[in-house]
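All remarks here apply to the structure that follows.
There are 2 protein chains.
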Amino acid sequence: MIALTPYIGLVAGFLTSAAAIPQVIKTYRTKHARDLSMWQLVMLDVGMLLWLIYGWQIGDRPLIWANTFSIACYTGLIAMKLSYARRGRD
Amino acid sequence: MIALTPYIGLVAGFLTSAAAIPQVIKTYRTKHARDLSMWQLVMLDVGMLLWLIYGWQIGDRPLIWANTFSIACYTGLIAMKLSYARRGRD
Chain U
1 MIALTPYIGL
11 VAGFLTSAAA
21 IPQVIKTYRT
31 KHARDLSMWQ
41 LVMLDVGMLL
51 WLIYGWQIGD
61 RPLIWANTFS
71 IACYTGLIAM
81 KLSYARRGRD
Chain G
91 MIALTPYIGL
101 VAGFLTSAAA
111 IPQVIKTYRT
121 KHARDLSMWQ
131 LVMLDVGMLL
141 WLIYGWQIGD
151 RPLIWANTFS
161 IACYTGLIAM
171 KLSYARRGRD
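Chains as they are written, first to last, in the working numbering: chain U, 1 to 90; chain G, 91 to 180.
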């Protein structure tokens with residue numbers, strides 16, 4: 001079981017990072033972000049920026065890449081939510 | 091700067107875990123989860139279950155506790171989304 005451990009971590013990291021993709025696609029397609037909490041998006045974005053700094057400090061590449069990707073996704077969701085709200089869609 | 095690194099990791103972990111709280115509160119209050127992607131919720135839930143197994147394998151308590159908390163939040167969101175959809179609210 002221990003031999004499998006690094007792979008479990010890899011799949012876990014892949015899933016939690018890639019999870020933002022279907023949300024970005026759905027929000028872009030429906031042009032609605034009413035039910036998304038802005039607090040959640042901002043906390044995730046700031047938290048992942050700190051993970052990125054942490055990964056950079058300890059020189060951990062997977063942490064750097066995964067968080068750069070997630071920050072792009074969540075920043076995009078924040079931008080879409082603000083934009084739809086301004087247009088009175090949400 | 092390096093002396094700050096563990097604290098940056100701690101705050102990062104706190105923020106990314108706690109980010110689910112405002113989403114759970116918002117979804118419970120509004121009784122709407124239309125704009126939440128079910129794929130995102132399921133991928134996060136499975137990914138965090140794997141992080142939990144990973145944390146248990148390497149004996150990392152913060153990883154175990156943070157992911158147990160997040161799994162509870164995201165499972166709650168999935169349950170709410172299914173329940174609101176069934177009642178025809180979404």
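For glycine and all other residues, C-beta sits at the position ideal for the given N, C-alpha and C.
Cα separation between residue i and residue j?
i	j	result
Ala109/G	Ile8/U	24 angstroms
Gly55/U	Thr68/U	10 angstroms
Leu105/G	Ser173/G	28 angstroms
Met138/G	Ser160/G	7 angstroms
Arg119/G	Pro112/G	10 angstroms
Gly178/G	Ala85/U	25 angstroms
Gly103/G	His122/G	28 angstroms
Asp125/G	Ser107/G	21 angstroms
Leu142/G	Asp150/G	9 angstroms
Only counting the same chain, and skipping five residues up and downstream in sequence, which positions put a Cβ closer than 8 angstroms to that of residue i?
i	result
Met38/U	Ile78 and Lys81
Where does residue i sit, in a helix, a strand or coil, going by DSSP?
i	result
Arg119/G	helix
Gly178/G	coil
Asp45/U	helix
Leu82/U	helix
Gly149/G	coil
Within a Cβ cutoff of 6 angstroms, which residues of the same chain sit near residue i, ignoring the five residues on either side of it in sequence?
i	result
Tyr164/G	Leu131, Leu134 and Asp135
Looking only at its chain, what residues have a beta carbon closer than 7 angstroms to the beta carbon of residue i, apart from the 5 residues adjacent to it on each side?
i	result
Val45/G	Summary: the structure shown does not reach residue 45/G, with chain G confined to residues 91 through 180, and so no result is reported for it.
Leu100/G	none
Which bits of chain U does residue i rub up against, with CB to CB less than 8 angstroms?
i	result
Thr95/G	Tyr54, Gln57 and Ile58
Listing by chain order, which chain G residues have their CB less than 8 angstroms from the CB of residue i?
i	result
Thr16/U	Met133, Leu134, Gly137, Met138 and Trp141
Interface residues of chain U around residue i at Cβ under 9 angstroms?
i	result
Ile98/G	Leu50, Trp51, Ile53, Tyr54 and Gln57
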